[in-house]
Amino acid sequence: MASGEMSSAEFAGFLAGVFGNMAQVSVDGAIHFICMDWRHMDEVLKAAGGGVYSELKNLCVWNKSNGGMGSFYRSKHELVFVYKVGQGSHLNTIERRHALCRRPVGHSSVVVFFRRAPATTRCFYQGIRSCSVGSNAT
């Protein structure tokens, strides 16, 4: 789907289906990290709050090294919604006894590359995001 092809309600319904499928194949107590930009946080909250997840554990911010393209303010961050599946206990590797002191704002470099698309499309493709972002936040 391209941007603007769904209404806000349709997108929230789509996300509810996706989140429901993810929760269905996850163990009780699993933690889901859902990345979404600020423009669609309302749809994420509506979709996830409809009984799919038992708890919103945290809202983290990934502070990227450079701003994105487009819009009036070029977003240099991405939101990471942290949800718990079910009522079971989750594996807590964040406590101080595990020697990790995590914060809800993660700083990470972004690896972005642009390559020219085939001549028929005349656009650029944006590349890879850092894989370490989930490991140093929350």
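Mapping of the sequence shown onto our numbering: position 72 corresponds to residue 88, and the numbering continues sequentially without gaps.
Cβ atoms here follow ideal geometry from the backbone N, Cα and C, with glycine treated the same way.
From a predicted model like this one, the values you see are computed outputs, not experimental measurements.
Could you tell me the distance, in whole angstroms, from the CA atom of E94 to the CA atom of G29?
-> Cα-Cα distance, rounded: 22 Å.
Would you mind stating whether V68 and A39 have Cβ atoms separated by less than 7 Å?
-> For V68 and A39, yes; Cβs fall inside 7 Å.
Quick one: grab the DSSP three-state call for N37.
-> Of the three classes helix, strand and coil, the one that applies to N37 here is helix, per DSSP.
Skipping 5 residues on each side, what residues in its chain have a beta carbon closer than 6 Å to that of H106?
-> So the list reads G45 and I47, once near-sequence residues are dropped.
By how many angstroms is the C-alpha of S23 removed from the C-alpha of S146?
-> Model confidence at S146 stands at a pLDDT of 44, short of 50, so the residue's coordinates are unreliable and nothing is read from them.
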